[in-house]
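Data block below; observations after.
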């Protein structure tokens, strides 16, 4: 039985090459559209604004950073290809989530206390928006990157 071909003529068994720009674009567009639509549908203006700023922006930045680090100029690191896919994904998602949670805390707690930036509900949102967006973006980019390797290991 022959492998079926997709629109471009490639076999479906052949993984699509990892394109960082495509991952960053998807990481921004997906939450911006879905969360933005939910904010508009429910009448939550602050959610619609957060969808295209803190939520989608964080997703795009994390997708870029994790994707660029994984790709490392086209030469993957030994542990990123040697460990099981789930382990690499969990490690990178936890690291991205921790960094984003720290950044959210700094924005919500430290900035108003130490700078002229006033405290407010938008800064408080960052304590949730940033870690959740970072976790999702890191997970998706890592899984998609691993699926493009020539010989993925379990």
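Residue numbers (our numbering): 272 to 425. Virtual Cβ for every residue (Gly too), placed ideally from N, Cα, C.
TODO: Report the option in 385, 304, 314 and 413 whose CA atom is closest to the CA atom of residue 340.
DONE: 413
- [ ] Have a look at 304, 391, 390 and 400 and flag the residue whose alpha-carbon is nearest the alpha-carbon of residue 373.
- [x] 400
- [ ] Return the CA-CA distance between residue 388 and residue 402, expressed in angstroms with no decimal places.
- [x] 21 angstroms
Open item on the list: Using the three-state DSSP reduction, which class does residue 363 fall into: helix, strand or coil?
Closed with: helix
TODO: Consult DSSP for residue 415 and reduce its assignment to one of helix, strand or coil.
DONE: helix
Open item on the list: As an exercise, report each continuous alpha helix (DSSP H) stretch of at least 4 residues that is fully enclosed by the segment 368 to 422, in chain order.
Closed with: 382 to 385 and 392 to 418
- [ ] Could you pull out every unbroken alpha helix (DSSP H) segment of at least 4 residues lying fully inside the segment 293 to 362, listed in chain order?
- [x] 316 to 321, 327 to 342 and 349 to 353
TODO: Assign residue 291 to one of three DSSP states: helix, strand, or coil.
DONE: helix
TODO: Using alpha carbons as the reference points, say which of 330, 306 and 327 lies closest to residue 319.
DONE: 306
- [ ] Have a look at residue 390 and residue 324 and give me their C-alpha separation to the nearest angstrom.
- [x] 18 angstroms
TODO: Would you please state the rounded distance, in angstroms, between the beta carbons of residue 329 and residue 405? I believe it to be under 8 angstroms.
DONE: 6 angstroms
Task: Of the listed residues 309, 385, 336 and 292, nearest to residue 364 (C-alpha basis) - done: 336
- [ ] Pull up the distance between the alpha-carbon of residue 415 and that of residue 289, whole angstroms please.
- [x] 8 angstroms
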